[in-house]
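Colleague: In the numbering used here, each residue carries its 1-based index in the sequence shown increased by 130.
Pasting in a structure now, in structure tokens, and then I'll have a few things to ask.
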Amino acid sequence: MNRLSAIMDRRSIRKFQDRPVEQEKIEAILRAGMQAPSGKNSQCWEFLVIENDEDRLAVTTMSPFAQCAKNARALILVMVNRDRADPDIPVWIQDLSAASMNMLTQAELEGLGATWLGMYPFQERLDAAKAYFHLPDNLDAFSVIALGYKLAEKPSQDRYDPEKVHWGKI
Numbered sequence: 131m132n133r134l135s136a137i138m139d140r141r142s143i144r145k146f147q148d149r150p151v152e153q154e155k156i157e158a159i160l161r162a163g164m165q166a167p168s169g170k171n172s173q174c175w176e177f178l179v180i181e182n183d184e185d186r187l188a189v190t191t192m193s194p195f196a197q198c199a200k201n202a203r204a205l206i207l208v209m210v211n212r213d214r215a216d217p218d219i220p221v222w223i224q225d226l227s228a229a230s231m232n233m234l235t236q237a238e239l240e241g242l243g244a245t246w247l248g249m250y251p252f253q254e255r256l257d258a259a260k261a262y263f264h265l266p267d268n269l270d271a272f273s274v275i276a277l278g279y280k281l282a283e284k285p286s287q288d289r290y291d292p293e294k295v296h297w298g299k300i
């Protein structure tokens, strides 16, 4: 599979096989995340890999949309390191979005399913992650990437809509 196929075929997967994800696949996904562009090359991201049952179950309580975390075989908590982020211009949001998308694409290339669970900008989710994972003051949650081997394939969809494209003028 090439990268364009991974982008076009990628779907949000929320049902996973009861099968561990190999460390080398997780590391490849983390490497892809760290290859994302970042404003002023700040690379203000940090990642927490979560594999144990208790912690995955705890993530399900942090968001009403995170129930798939209990069945995922690994989670990656994507965090902003505020010591490296520009305090005046919040481009870290784009930086961590790009990192998260790179990770989802790499998961597809690794033969895994994944979904992006949003944490930011919901303060109650951020507070819950900070408290549970004992994050230091300079680290804040941004998203959780749930990973695992797909329980079933989802067909790809061509979402290209020429009516949303403007060439040269609106």
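Beta carbons are placed, not taken as given, at the ideal position from N, Cα and C, and that holds for glycine.
1. Out of Ile-159, Val-189, Ala-202 and Met-192, which has the shortest C-alpha to C-alpha gap to Lys-280?
2. Return helix, strand or coil for Trp-222, following the three-state DSSP convention.
3. Which residue or residues does DSSP assign as beta-bridge partners of Val-179?
4. Between which two residues does the beta strand (DSSP E) holding Ala-304 run?
5. Which whole-angstrom value is the C-beta distance of Ala-244 and Leu-277, which I expect to be below 8 Å?
6. Using the C-alpha atoms, what's the distance from Val-208 back to Gln-236?
7. Nearest by alpha-carbon distance to Pro-251: which of Met-233, Asp-270 and Glu-240 is it?
8. Lys-284 by DSSP, collapsed to three states: which one?
9. Kindly identify the DSSP beta-bridge partner or partners of Gly-278.
10. Is Asp-270 helix, strand or coil by DSSP?
11. Check whether the segment 146-160 and the segment 278-298 are in contact - that is, three or more C-beta pairs closer than 8 Å.
12. Measure the Cβ-Cβ separation of Val-210 and Trp-175 and say whether it is below 8 Å.
13. Using 8 Å as the Cβ pair cut-off and three pairs as the minimum, do the segment 256-269 and the segment 181-197 touch?
14. Assuming Glu-240 and Lys-145 form a contact by the criterion Cβ under 8 Å, report the distance between their Cβ atoms to the nearest whole angstrom.
15. In terms of residue numbering, what span does the alpha helix (DSSP H) encompassing Ser-168 cover?
Modeller: So, from the data block:
1. Ala-202
2. Trp-222: helix per DSSP, three-state reduction.
3. Ile-206
4. Examination of residue 304 is not possible in this model, given that the chain is present from 131 through 300 alone.
5. Right, the Cβ-Cβ distance comes to about 5 Å (below 8 Å), so this counts as a contact.
6. Rounded to whole angstroms, Gln-236 and Val-208 show a C-alpha spacing of 15 Å.
7. Asp-270
8. coil
9. Assignment of beta-bridge partners to Gly-278 by DSSP yields Gly-243.
10. strand
11. yes
12. yes
13. Taking 8 Å as the limit for Cβ pairs, the verdict is that the segment 181-197 does touch the segment 256-269.
14. About 17 Å separates the two Cβ atoms, so there is no contact after all.
15. It is not in any alpha helix (DSSP H) - Ser-168 carries neither H nor E in the DSSP assignment.
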